[in-house]
Amino acid sequence: MVLEVALIDVVPGQEDEFAAAYAKGHDILAGTPGCRSVLMTRGIETPNRFVLLVEWDSVEAHEQNFRQSDRFTTWRGLIGPFFAGPPRVEHFVDVPV
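Take any residue in the sequence shown, note its place counting from 1, add 78, and you have its number in my numbering.
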């Protein structure tokens, strides 16, 4: 399992519109083959900052099944207009104990 973490800053004052667009597009992302779970969080101290957490089967599932598909184009079309700048996206794996 791979965790995608996307730090998204939204144009101040457009947080509610962004959240509504995310709600419309949630199933587009969540229904992607290889996607295990999706969670969007919102900052308390910085309310225009959102963190998207997506569990994928692999980095390839994210990049090939989503980023290189029409799903991504539709998803970005919904939420992209509210971005204050490009999101910072990274992938993580669990640290064994």
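Quick reminder that beta carbons are idealized off the backbone N, C-alpha and C, glycines included.
Rounded separation between residue i and residue j - CA only
i: Val83; j: Leu130; result: 6 Å
i: Pro90; j: Pro174; result: 39 Å
i: Glu93; j: Ile106; result: 20 Å
i: Gly103; j: Phe128; result: 15 Å
i: Arg145; j: Glu123; result: 30 Å
i: Phe161; j: Asp148; result: 20 Å
Among the options, nearest to residue i - alpha-carbon criterion
i: Trp153; options: Gly109, Asp87 and Thr119; result: Gly109
i: Val80; options: Pro164, Phe161 and Val137; result: Val137
i: Val88; options: Val171, Phe170, Glu168 and Pro164; result: Pro164
i: Phe150; options: Asp135, Tyr100 and Glu123; result: Tyr100
i: Ala139; options: Glu95, Met118, Leu85 and His169; result: His169
Enclosing beta strand (DSSP E) for residue i [first to last residue]
i: Asp87; result: Val80 to Asp87
i: Phe170; result: Arg166 to Phe170
i: Glu133; result: Arg127 to Trp134
i: Arg145; result: Element bounds for Arg145: n/a, residue is neither H nor E.
i: Val175; result: Premise fails: Val175 is in no beta strand (DSSP E) and is neither H nor E.
Residues bridged to residue i (per DSSP)
i: Leu156; result: BP columns for Leu156 are empty, so no partner.
i: Val116; result: Val132
Delimiting residues of the alpha helix (DSSP H) encompassing residue i
i: Glu93; result: Glu93 to Ala108
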